[in-house]
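Undergrad: Here it is: the structure, laid out below.
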Amino acid sequence: MNLLATAALALAMSTDAFAVAVGKGAALQRPHFREALRTGAIFGVIEGLTPVIGWALGHWAAPYVQAWDHWIAFTLLGVLGLRMMREGLGGADDDEDDKPTSHSFWLLAVTGFATSIDAMAVGVGLAFIDANIITTAGAIGLSTFIMVTLGVMVGRGLGKLVGKRAEVVGGLVLIAIGSLILYEHLGQG
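The sequence shown lines up with residues -19 to -1, 1 to 170 when you count with mature numbering (1 follows the signal peptide of the UniProt record, and there is no 0).
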């Protein structure tokens, strides 16, 4: 794979994480840049590791990963999306001071993993074309780090405008991303 193809792949792999990060940023009480960096780092590391895992699995068990990746992503994103929507619909708009200042590590890690299932599937495909997985995974991780950091800060601005409804929108985005992943995979079958 050449540099342009690697950059395009990295950007494509980070777009769903960006959308989720906007919702995460909107659900927080004026997130600081430090929180955006933390969120970006968690997502970036996970998104950078999953293609390597997929690449390793591709050498061993490609049919199993490709057969279930879309169902795993759909389920995880759907459950997280429904949870966000429930919290967003759980009452009147809260005062800005009632919002959390950060998300838990585990919530971010599960969300990051859910949005990176497609990167794992890409890693499986990269095993078959003998691509340099370290360079590609590094590019995906860096792109995701940047996009998620920016997404949280964009969400910060949107959070002031939309209040609790941001969580509902963020939940809908997660469900839509999971549904799109499922639709694309079932449509290819």
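Think of the CB as a built atom: it goes at the ideal place given N, C-alpha and C, for glycine as much as any other residue.
None of these values were measured; they are calculated from a predicted model.
Using 10 angstroms around the beta-carbon of residue -3, count the other beta-carbons present and answer buried if the total reaches 16, otherwise exposed.
TA: With 16 or more Cβ atoms within 10 Å of its Cβ, residue -3 is classed as buried.
Undergrad: Take the Cβ of residue 165 as the centre, count every other Cβ of all protein chains shown within 10 Å, and call the residue buried at 16 or more, exposed below.
TA: It counts as exposed.
Undergrad: Are residue -6 and residue 28 closer than 8 angstroms when you measure CB to CB?
TA: It is a contact, given that the beta carbons lie within the stated cut-off.
Undergrad: For residue 120, collect the residues of the same chain with a Cβ closer than 6 angstroms to its Cβ; drop the 5 residues on either side in sequence, then sort them by chain order.
TA: -14, -10, listed in sequence order.
Undergrad: So the alpha helix (DSSP H) residue -6 belongs to, where does it begin and stop?
TA: It spans -17 to 7 - the alpha helix (DSSP H) in which residue -6 sits, taken as one unbroken run.
Undergrad: Where does residue 85 land, buried or exposed, given buried means 16+ other C-beta within 10 angstroms?
TA: Exposed.
Undergrad: With three or more C-beta pairs closer than 8 angstroms as the rule, is the region 56 to 72 touching the region 127 to 141?
TA: Touching, no.
Undergrad: Among residues of its own chain, excluding the 5 on either side of residue 96, which ones have a beta-carbon nearer than 6 angstroms to its beta-carbon?
TA: Hits under 6 angstroms: -4, -3, 1.
Undergrad: Note down, one range per segment and in chain order, each beta strand (DSSP E) of at least 3 residues found wholly within the region 80 to 109.
TA: Listed in chain order, there is nothing to give.
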